[in-house]
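Asks: Before we start, here is the structure in question, set down as structure tokens.
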Amino acid sequence: MGDVKGYIKIKRQKSEYRPVCDRVRDYLPVAKIRPDAAVRDQASRCMDCGTPFCHWGCPLGNYIPEWNDVVYQGKWEKAFELLDATNNLPEITGRICPAPCEYACVLGINDDPVTIREDELDIIEHAFRKEWIKPNPPKARSGKKVAVVGSGPAGLACAAQLNRAGHLVTVFEKDEKIGGIMRFGIPDFKLEKSILDRRIDLWDKEGIEFKTGIKVGSDYPAESLQHDYDAVCLAGGSRVPRDLKIEGRELKGVCFAMEYLSQSNRRIAVENIPSEKMIDAKGKKVVVIGGGDTGADCVGTANRQGAACVVQIELLPKPSENRPDHQPWPVYPFVFKTSTSHEEGAERKWQISTKKFMGEKGMVKKLSCVQVEFSGGSMQELAGSEFEIEADLVLLALGFLRPEPIMGLEIECDKHGNIKTDSHFMTSAKGIFSAGDMRRGQSLIVWAIAEGRQAARCMDEYLMGQSSLPRI
Ligand SMILES: Cc1cc2nc3c(=O)[nH]c(=O)nc-3n(C[C@H](O)[C@H](O)[C@H](O)COP(=O)(O)OP(=O)(O)OC[C@H]3O[C@@H](n4cnc5c(N)ncnc54)[C@H](O)[C@@H]3O)c2cc1C
Ligand code: SF4
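In the numbering used here, the protein residues as written are 115 to 586.
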């Protein structure tokens with residue numbers, strides 16, 4: 115522990131954000147990287163408490179007190195080594211992880227927690243600036259061939275670990291570019307795609323083979339996986355969206371959030387979208403149904419496209435500002451959050467049920483809604499509370515139900531439709547493993563990376579009888 119009184123002397127200071135009036139005009143990153151001196155101060159707030167719960171809060175078991183200590187001492191290279199030992203994509207989690215670690219920080223019990231996520235980002239960006247991160251291909255190859263289906267954070271972490279272990283890894287991706295939701299879901303103002311490309315370029319040079327535009331199950335027969343490869347990891351994500359099958363759902367202008375966000379990301383990447391398929395919020399009254407993070411990404415995107423107004427509605431009650439009693443420290447609580455997208459302008463409403471969409475000439479024009487309340491575990495509509503919201507574009511951000519099946523693979527699923535595995539991440543088919551949202555259901559990037567790493571260790575053991583890859 116560098117400064118024993120750091121947490122008493124220095125207050126928590128988060129990264130600065132660009133002014134709203136400036137950032138809504140472009141898709142450039144909203145957050146600024148902190149100067150090294152500020153990071154050192156913030157790292158000194160870590161108390162190095164004997165039993166660091168932040169370790170437990172981070173699904174990757176990142177060595178948080180250890181990095182903070184060496185950053186305070188100015189040993190940035192050591193901090194980078196510690197970070198690299200547990201996380202394949204710290205430049206991503208450092209930007210967009212919701213930081214369950216910070217909710218488990220001991221300092222957070224009676225003060226503001228350490229800025230762990232931002233410290234992580236500062237360490238990795240410092241390492242890139244100093245050019246400490248170079249392609250590091252394995253010294254020897256094992257002679258084993260491995261396929262990874264899906265190039266989201268789970269598939270990429272799994273591929274990176276297996277490549278480190280010396281196996282020849284091929285990643286199959288049905289989209290035209292690598293990255294999964296990081297590429298075609300999360301907007302550029304939260305995660306600029308050059309950050310992803312920088313890492314993929316390193317892995318490419320380290321020998322991972324990326325095959326894009328190939329959907330396993332149609333472009334490449336799933337039956338061939340076991341024949342062509344010694345082991346396989348299925349990391350196809352959870353992408354069947356929850357629908358709202360009510361009157362008027364067929365109207366033009368009602369679409370899934372992911373259709374909208376993925377198209378917007380493709381437009382920013384200067385892809386041509388045929389005019390008949392274009393979903394644009396410019397000048398429109400936008401309603402986002404669903405109060406979660408995907409909904410917030412829709413709010414930020416609609417404002418940047420020049421929406422006339424944006425309303426976000428949610429069925430559930432507004433979460434409390436503070437931890438609810440049943441979610442005590444150090445668990446990750448469900449609390450009210452205002453994202454940078456919300457700061458940019460949106461009216462948010464809770465306990466609203468949408469009864470039907472109404473339109474004119476096939477285009478959506480209004481939503482018919484009602485206020486609801488919850489008691490005794492059931493939901494009731496409040497009599498006389500019916501109202502309408504005008505809308506030219508409605509975005510359904512209601513979460514995801516289950517993975518899309520991979521045609522030709524006979525694999526057991528759990529009761530939610532996610533791929534079932536044993537405790538070694540192996541599915542009901544020998545040699546076929548699974549990780550990430552496809553296995554655990556819709557979750558977070560940090561969990562996808564953790565699962566990809568764990569699955570890689572299990573696959574390495576399966577292939578070689580033992581493994582020196584870390585357990586997480
Ligand atoms: C809009 C949005 C915003 C989010 N924001 C955040 C955030 O800020 N922070 C956070 O921590 N989490 C966020 N999440 C959640 C996070 O993105 C996911 O939990 C994470 O991406 C899951 O990783 P994955 O690798 O399991 O799957 P994915 O990222 O979904 O990747 C799966 C990949 O598999 C490919 N694939 C599927 N089937 C096949 C096939 N048959 N053949 C070839 N390829 C196939 C898909 O095309 C996709 O590229 C967000 C989710 C959404 C939808
Ligand atoms: S990956 Fe997420 S949970 Fe882990 S240390 Fe970083 S911000 Fe915290």
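Just so it is clear, CB atoms sit at the ideal spot from N, CA and C, and this is done for glycine as well. Please read these numbers as outputs of a predicted model, since none were measured by experiment.
Who are the Cβ neighbours of Arg516 in its own chain at under 8 angstroms, not counting the five residues just before and after it?
Replies: Within the sequence shown, residue 516 is the residue found at index 402, counting from 1. Answer for Arg516: Ser352, Val354, Cys527, His530, Gly531, Asn532, Gly555, listed in chain order.
Asks: What's the gap between the Cα of Ile328 and the Cα of Phe298?
Replies: Residue 328 sits at position 214 when you count from the first residue of the sequence shown. Residue 298 sits at position 184 when you count from the first residue of the sequence shown. Rounded to whole angstroms, Ile328 to Phe298 spans 16 angstroms at the Cα level.
Asks: According to DSSP, is Phe539 helix, strand or coil?
Replies: As a first step, residue 539 must be located in the sequence shown, where it is residue number 425. Residue state, collapsed to three classes: coil.
Asks: How big is the Cα-Cα spacing for Gln156 and Lys123?
Replies: For the purposes of this step, residue 156 is identified with residue 42 of the sequence shown, where counting begins at 1. For the purposes of this step, residue 123 is identified with residue 9 of the sequence shown, where counting begins at 1. About 10 angstroms.
Asks: Could you work out which residue in Glu504, Glu487, Gly491 is closest to Ala497 when comparing CA atoms only?
Replies: As a position in the sequence shown, residue 497 is number 383, starting the count at 1. When each option's Cα is compared against that of Ala497, the closest is Glu487.
Asks: Locate the alpha helix (DSSP H) running through Gly414, then write down its first and last residues.
Replies: As a first step, residue 414 is located in the sequence shown; it is residue number 300 there, counting from the start. First-last of the alpha helix (DSSP H) with Gly414: 407-419.
Asks: Taking contact to mean at least 3 C-beta pairs separated by less than 8 angstroms, is the stretch 252-270 in contact with the stretch 341-352?
Replies: Yes, the stretch 252-270 is in contact with the stretch 341-352.
Asks: Can you tell me whether Arg312 is buried or exposed? The criterion is at least 16 other CB atoms within 10 Å of its CB, across all chains shown.
Replies: The sequence position of residue 312 within the sequence shown is 198, counting from 1. It is exposed - the Cβ of Arg312 has fewer than 16 other Cβ atoms within 10 Å.
Asks: Taking 8 angstroms as the cut-off, does the stretch 386-395 touch the stretch 544-555 (at least 3 CB pairs, one atom from each stretch)?
Replies: Taking 8 angstroms as the limit for Cβ pairs, the verdict is that the stretch 386-395 does not touch the stretch 544-555.
Asks: State the Cα-Cα distance for the pair Arg137 and Val144, rounded to the nearest angstrom.
Replies: Within the sequence shown, the letter at position 23 stands for residue 137. Within the sequence shown, the letter at position 30 stands for residue 144. Their backbone Cα atoms lie some 6 angstroms apart in a straight line.
Asks: Compute the beta-carbon to beta-carbon distance between Leu196 and Glu216, rounded to the nearest angstrom, for a pair I have assumed lies under 8 angstroms.
Replies: Position 82 of the sequence shown, counted from the first residue, corresponds to residue 196. Position 102 of the sequence shown, counted from the first residue, corresponds to residue 216. Actually they do not touch by this definition, with Cβ atoms about 18 angstroms apart.
Asks: Put Ile230 into one of helix, strand or coil per three-state DSSP.
Replies: One-based indexing of the sequence shown puts residue 230 at position 116. Ile230: helix per DSSP, three-state reduction.
Asks: Measuring alpha carbon to alpha carbon, tell me which of His440, Ser434, Thr452 ends up nearest Ala410.
Replies: Stepping through the sequence shown from its first residue, residue 410 is reached at position 296. Ranking the options by Cα distance to Ala410, first place goes to Thr452.
Asks: Closest by CA to Trp246, which one among Lys192, Gly269, Leu339?
Replies: Here residue 246 refers to the residue found at position 132 when the sequence shown is read from its first residue. For Trp246, the nearest C-alpha among the options comes from Lys192.
Asks: Using alpha carbons as the reference points, say which of Cys572, Ser378, Val478, Tyr343 lies closest to Cys272.
Replies: Within the sequence shown, numbered from 1, the residue matching residue 272 stands at position 158. Comparing Cα positions, the closest option is Cys572.
Asks: Considering only the beta carbon of each residue, do Tyr80 and Phe286 sit closer than 8 angstroms?
Replies: Beyond the ends of the chain as shown, which are 115 and 586, falls residue 80; an answer cannot be given.
Asks: By alpha-carbon positions, which one of Leu270, Asp357, Gly397 ends up nearest to Val424?
Replies: Indexing the sequence shown from 1 puts residue 424 at position 310. Nearest option by C-alpha distance: Gly397.
Asks: Measure the C-alpha to C-alpha separation of Ala569 and Leu305 and round it to an integer number of angstroms.
Replies: What you label residue 569 is simply residue 455 of the sequence shown in a count that begins at 1. What you label residue 305 is simply residue 191 of the sequence shown in a count that begins at 1. Ala569 and Leu305: Cα-Cα distance of roughly 26 angstroms.
Asks: Which of the three DSSP states, helix, strand or coil, is assigned to Phe547?
Replies: Numbered from 1 along the sequence shown, position 433 holds the residue referred to as residue 547. Strand, per DSSP.
Asks: For Gly188, I'd like the list of residues in its chain whose CB is within less than 8 angstroms of its CB, leaving aside the five on either flank, ordered along the chain.
Replies: Here the question's residue 188 lines up with position 74 in the sequence shown. So the qualifying residues of the chain are Arg154.
Asks: With DSSP collapsed to three states, give me the class of Glu205.
Replies: For this step, residue 205 is matched to residue 91 along the sequence shown. Note: Glu205 maps to helix in three-state DSSP.
Asks: Tell me whether Ser489 is buried or exposed, calling it buried when 16 or more other Cβ atoms sit within 10 Å of its Cβ.
Replies: Against the sequence shown, residue 489 aligns to sequence position 375. It is exposed - the Cβ of Ser489 has fewer than 16 other Cβ atoms within 10 Å.
Asks: Count the CB pairs spanning the stretch 535-546 and the stretch 494-511 that are closer than 8 angstroms, and state whether there are at least three.
Replies: Contact fails: fewer than three Cβ-Cβ distances are below 8 angstroms.
Asks: In the DSSP assignment, what are the bridge partners of Ser467?
Replies: Residue numbering aside, residue 467 sits at position 353 when the sequence shown is read from its first letter. Partner(s): Val484.
Asks: Gly414 to Lys248, Cα distance in whole Å?
Replies: Stepping through the sequence shown from its first residue, residue 414 is reached at position 300. Stepping through the sequence shown from its first residue, residue 248 is reached at position 134. Between Gly414 and Lys248, the C-alpha separation is close to 35 angstroms.
Asks: Taking only three categories from DSSP, how would you classify Ser489?
Replies: The residue given as residue 489 occupies position 375 in the sequence shown. Looking at Ser489 - three-state DSSP - the assignment turns out to be strand.
Asks: Which stretch, first to last residue, makes up the beta strand (DSSP E) that contains Cys347?
Replies: Counted from its first residue, the sequence shown places residue 347 at position 233. Element bounds for Cys347: 345-348.
Asks: Leaving out the 5 sequence neighbours to the left and right, which residues in its chain are closer than 7 angstroms to Leu101 when beta-carbon positions are compared?
Replies: Residue 101 lies beyond the range of the chain shown here (115 to 586); nothing can be said about it.
Asks: In or out: Ile427 buried (at least 16 other Cβ within 10 Å) or exposed?
Replies: Start at 1 with the first residue of the sequence shown, and residue 427 comes out as number 313. So Ile427 counts as buried.
Asks: Whether or not the stretch 507-516 and the stretch 363-375 are in contact is what I'm after, with contact meaning three or more pairs of Cβ atoms, one per stretch, closer than 8 angstroms; do they touch?
Replies: The stretch 363-375 is in contact with the stretch 507-516.
Asks: DSSP on Gly473, reduced to helix/strand/coil?
Replies: For the purposes of this step, residue 473 is identified with residue 359 of the sequence shown, where counting begins at 1. Looking at Gly473 - three-state DSSP - the assignment turns out to be strand.
Asks: Taking Ala261 as part of the beta strand (DSSP E), name the residues at either end of that continuous run.
Replies: For the purposes of this step, residue 261 is taken as residue 147 along the sequence shown, with counting starting at 1. Ala261 -> beta strand (DSSP E) spans 259-263.
Asks: Using three-state DSSP, classify Phe514 as helix, strand or coil.
Replies: Counting from 1 along the sequence shown, the entry for residue 514 is found at position 400. It is a strand residue.
Asks: Below 8 angstroms on the Cβ atoms is my guess for Glu232 versus Ser129; work out the distance and round it to an integer in Å.
Replies: In the sequence shown, counting from the first residue as 1, residue 232 sits at position 118. In the sequence shown, counting from the first residue as 1, residue 129 sits at position 15. Sure, about 5 angstroms apart at Cβ, within 8 angstroms.
Asks: Are the CB atoms of Glu337 and Val134 nearer to each other than 8 angstroms?
Replies: Along the sequence shown, read from residue 1 onward, the residue named residue 337 stands at position 223. Along the sequence shown, read from residue 1 onward, the residue named residue 134 stands at position 20. No, these two residues do not count as a Cβ contact at 8 angstroms.
Asks: Compute the minimum distance between the beta carbon of Val153 and the heavy atoms of ligand 1, and state whether it is under 7 angstroms.
Replies: Reading the sequence shown from its first residue, position 39 is the one you call residue 153. The answer is no for Val153.
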